[in-house]
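Enquirer: After the structure tokens below, expect a handful of questions from me.
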Amino acid sequence: MPKCDNCGSFVTTEYVRVFAPEDMKNPRVCPSCEDKVRDGGDVRDARATRH
992 MPKCDNCGSF VTTEYVRVFA PEDMKNPRVC PSCEDKVRDG GDVRDARATR
1042 H
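Read in the numbering used here, the sequence shown has 996 at position 5, and its numbers run on one by one without any break.
Pasting the structure below:
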């Protein structure tokens, strides 16, 4: 099962296919990550926490 490299949460295979680079099996960040966000092709610290 794929999981987020940042927080370890379960993600679907479809999520990995869409949001992870082709050579990666797990995304670098997911919707459950409150401290990171995707910014284009990069991952950065969130400016504000999400709820």
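A virtual CB, placed ideally from N, CA and C, is assigned to each residue, including glycine.
(1) Relative to the alpha-carbon of V1007, which residue among P1018, R1029, R1038 and S1023 has its alpha-carbon at the smallest distance?
(2) Looking at the structure shown, is V1034 part of a helix, part of a strand, or coil, going by DSSP?
(3) Within 10 angstroms of its Cβ, does V1009 collect 16 or more other Cβ (buried), or is it exposed?
(4) Could you tell me which residues DSSP puts in a beta bridge with F1010?
Expert: On the basis of the supplied data:
(1) P1018
(2) strand
(3) exposed
(4) Beta-bridge pairing links F1010 to no other residue.
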